[in-house]
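What follows is a single structure, written as structure tokens, with notes after it.
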Amino acid sequence: MTMIDELRELFAYNRWANRRILDAAAKLGPEALDKDLGSSFPSIRATLVHILGAEWLWLSRWKGTSPTGLPDSWDLSTLDAIRARWAEFEREQKEFIDSLGEDDLRRAVSYRNVKGEPFTNTMAQMLRHVVNHSTYHRGQVITMLRQLGAEPVSTDLIAYYREHAPVRA
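In structure tokens form, the structure reads like this:
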């Protein structure tokens, strides 16, 4: 398997895991979604917005811009609004990743973080970072779901493989 194929597979996993978290959150009411549970971001909704926002910021950087925040036009006030924006974003992200070839992965990309500080990384490094970052924050959402007494979901990579790419003996 080529590196680009591995990264495409990781992003397929990332989309699957994000959807599982959104589905689990959908079983809660708005009050529970916005309850301050003392994590890196105070609530499940705030953490979901952060995951979506971070993935969008990175996609923007890959495309040559360095936004300092989310677009003001985004309505992320409800879980339905978040899900709708996420579905639209996922299509754009998948289209971009599907357009990449092996040579693109070694390309150095210069960008600025939200504080305006300059950085340069390879495309492959940034792609891996996005999946890792989202995995970290999904773990926080799972902990918050447990704190609320909700049924946690597995977003483990191995669970994705078992469901989507089982090995036949």
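Using our numbering, read the sequence shown as starting at -16 and increasing by one per residue. Note that CB positions come from ideal geometry on N, CA and C, so glycine has one too. It should be emphasised that the depicted structure is a prediction, and the values quoted were computed from it without experimental measurement.
### Query
When you compare each of H33, E78, T51 to I65 by their alpha carbons, which one comes out closest?
The sequence position of residue 65 within the sequence shown is 82, counting from 1. Nearest of H33, E78, T51 to I65, Cα basis: H33.
### the segment -14 to 1 contacting the segment 139 to 146, beta-carbon criterion three pairs below 8 Å
yes
#### Entry: Buried or exposed (CB count within 10 angstroms, at least 16 for buried), T48
For this step, residue 48 is matched to residue 65 along the sequence shown. Exposed, by the Cβ-count rule.
### Query
From which residue to which residue does the beta strand (DSSP E) around S93 run?
For the purposes of this step, residue 93 is identified with residue 110 of the sequence shown, where counting begins at 1. Counting along the chain, the beta strand (DSSP E) containing S93 begins and ends at 91 to 95.
### Message
Comparing C-alpha positions only, which one of G132, A142, L110 sits nearest to L40?
### Response
Sequence index remark: in the sequence shown, residue 40 carries index 57 (1-based). That would be L110, whose Cα lies nearest to the Cα of L40.
### Query
Using CA coordinates, which residue listed in N96, S22, T126, A(-5) is at the minimum distance from G36?
Sequence index remark: in the sequence shown, residue 36 carries index 53 (1-based). Looking at the Cα atoms, N96 is the closest of the given residues.
### Task
Would you give the residue range spanned by the alpha helix (DSSP H) that P13 belongs to?
Sequence index remark: in the sequence shown, residue 13 carries index 30 (1-based). Looking at the DSSP string, the run of the alpha helix (DSSP H) that includes P13 is 13 to 16.
### Task
Please confirm whether I27 and L16 have their CB atoms less than 7 Å apart.
For the purposes of this step, residue 27 is taken as the residue at position 44 of the sequence shown. For the purposes of this step, residue 16 is taken as the residue at position 33 of the sequence shown. Going by C-beta atoms, I27 is nearer than 7 Å to L16.
### Task
Tell me, please, which residues DSSP counts as bridged to P101.
In the sequence shown, residue 101 corresponds to position 118, counting from 1. Answer by DSSP bridge pairing, in chain order: R95.
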